[in-house]
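Report on the following structure.
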Amino acid sequence: MTPRHAASALTLALACLVVPWQVIAKSSDRDQPMEIEAGGQDCNVADANSKCVFTGNVVIRQGTLDVRAARAEVVRRNGEVEQVILTGKQATMKQQMDDGTMMNARADRIVFEPPKDLLTLTGNFNVESPRGSNSGQRMVYNMGTGQMQSGGDGTRVRTVIQPRAAAPAKGSN
Numbered sequence: 022m023t024p025r026h027a028a029s030a031l032t033l034a035l036a037c038l039v040v041p042w043q044v045i046a047k048s049s050d051r052d053q054p055m056e057i058e059a060g061g062q063d064c065n066v067a068d069a070n071s072k073c074v075f076t077g078n079v080v081i082r083q084g085t086l087d088v089r090a091a092r093a094e095v096v097r098r099n100g101e102v103e104q105v106i107l108t109g110k111q112a113t114m115k116q117q118m119d120d121g122t123m124m125n126a127r128a129d130r131i132v133f134e135p136p137k138d139l140l141t142l143t144g145n146f147n148v149e150s151p152r153g154s155n156s157g158q159r160m161v162y163n164m165g166t167g168q169m170q171s172g173g174d175g176t177r178v179r180t181v182i183q184p185r186a187a188a189p190a191k192g193s194n
């Protein structure tokens, strides 16, 4: 694999971070270029079973998506992205939704596994949007089914569901 192809694969892998929020996230973000900034990069582009590691205040931006982590690691198996791992105290993701509101997520560790369609947030995770919030120690979100699981491991989970906004009465100003 050439360095150019590896960079394209990495960009595609990091672009997949948008997937869990596609239902609510700004849909035009997927068509925007992705920019990655870091203090350092260590990447093996010659091996189909390799990893790329970005360290030092990693910032990933794509449209309204803004990801920040101390470290970002992309693991490939047989040339395909197997995992994207974001770590830090805390790794954060924020993105504007199509309705103009913001979604914010943070955790000590965020792991995306494309072959399994899984996003796992561990270590004091918190996901917030105007529609509600969920927080705890571990959450697994299946992007294929929409199933979200958190808690069940002896720790507590907190979920807040916001009421639907009331429509303004007709004729009121």
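No gaps in the numbering here: position 144 of the sequence shown is 165 in the working numbering, and each next residue is one more.
By construction, the Cβ of each residue, glycine as well, lies at the ideal position given by its N, Cα and C atoms.
Tell me the DSSP bridge mates of residue i?
i, result
"Lys115", "Asp87 and Asn125"
"Asp68", "Paired residues: none, contrary to the question."
"Val105", "Val95 and Phe133"
"Asp63", "Val74"
"Ser150", "Gly153"
"Thr254", "What is shown of the chain runs 22 to 194, which leaves residue 254 out entirely."
Any C-beta of chain C sitting closer than 9 Å to the C-beta of residue i?
i, result
"Asn145", "Of the protein chains in the structure, only one exists, and it is not chain C."
Using 10 angstroms around the beta-carbon of residue i, count the other beta-carbons present and answer buried if the total reaches 16, otherwise exposed.
i, result
"Gln111", "buried"
"Gln170", "exposed"
"Gln83", "buried"
"Ala128", "buried"
"Gly153", "exposed"
Give the straight-line distance between the Cα atoms of residue i and residue j, rounded to the nearest whole angstrom.
i, j, result
"Phe146", "Thr85", "21 Å"
"Cys73", "Ile131", "16 Å"
"Ser156", "Met118", "20 Å"
"Arg21", "Glu103", "The chain is shown from 22 up to 194; residue 21 falls before or after that span and cannot be answered."
"Val66", "Ser150", "37 Å"
"Ala181", "Glu56", "Reading the sequence as shown, one finds Val at residue 181 and not Ala. Roughly 33 Å between the two C-alpha positions."
"Gly77", "Ala59", "5 Å"
"Ser49", "Gly175", "40 Å"
"Ile106", "Arg185", "34 Å"
"Arg177", "Pro54", "39 Å"
"Gly61", "Phe75", "6 Å"
I'd like to confirm something about residue i: is its beta-carbon nearer than 8 Å to some heavy atom of the ligand GDP, or not?
i, result
"Thr113", "Questions concerning the ligand GDP fall outside what the structure shown contains, since it holds no ligand whatsoever."
Taking 9 Å as the threshold (C-beta atoms), are residue j and residue i in contact?
i, j, result
"Asp138", "Asn163", "yes"
"Arg89", "Ser71", "no"
"Leu161", "Ala126", "What sits at residue 161 in the sequence shown is Val, not Leu. No. Outside cutoff."
"Gly172", "Gln158", "yes"
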